[in-house]
Each structure stands twice: as C-alpha cells, then as structure tokens.
Amino acid sequence: PRVNEISVEVDDDPRAAYFRQAKYGVFIRMALILTLLEVKVC
Numbered sequence: 044p045r046v047n048e049i050s051v052e053v054d055d056d057p058r059a060a061y062f063r064q065a066k067y068g069v070f071i072r073m074a075l076i077l078t079l080l081e082v083k084v085c
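Here's what the structure looks like:
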C-alpha cells in the first residue's frame with residue numbers, strides 16, 4: 044500500500060484507478076494553464 048493509507052487488497056485491485064486519474068489530472072491542468080497563458084486581453 045501507499046504508506047499504509049489503504050489496505051493491500053484495495054491497492055492490488057485492478058479496478059483501482061487512482062494512478063490513472065492522477066495522470067489524467069496532470070494533462071487537464073497542463074491544458075488549463077496553456078489556455079490561460081495564451082488568452083489575449085484587449
């Protein structure tokens with residue numbers, strides 16, 4: 044488990060999606076930051 048935060052059974056479950064969700068969150072944040080930086084204010 045991740046620093047004894049969850050049980051081994053949950054951590055080893057193939058349905059556990061927290062790493063995938065964290066990875067997708069990185070891409071979403073990158074897209075938002077790029078969008079905000081490219082906004083042109085009149």
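Numbered by the numbering used here, the letters in the sequence shown go through residues 44 to 85 in order.
Built from N, CA and C at the ideal position, the CB exists for glycine as well.
If you draw a straight line from the alpha carbon of residue i to that of residue j, how long is it in whole angstroms?
i: Met-73; j: Ala-60; result: 20 Å
i: Ser-50; j: Asp-56; result: 10 Å
i: Leu-75; j: Glu-52; result: 35 Å
i: Val-69; j: Asn-47; result: 24 Å
i: Ile-71; j: Leu-79; result: 12 Å
i: Leu-77; j: Arg-58; result: 31 Å
i: Tyr-67; j: Glu-81; result: 21 Å
If you measure between the beta carbons of residue i and residue j, is that distance less than 8 Å?
i: Arg-45; j: Asp-54; result: yes
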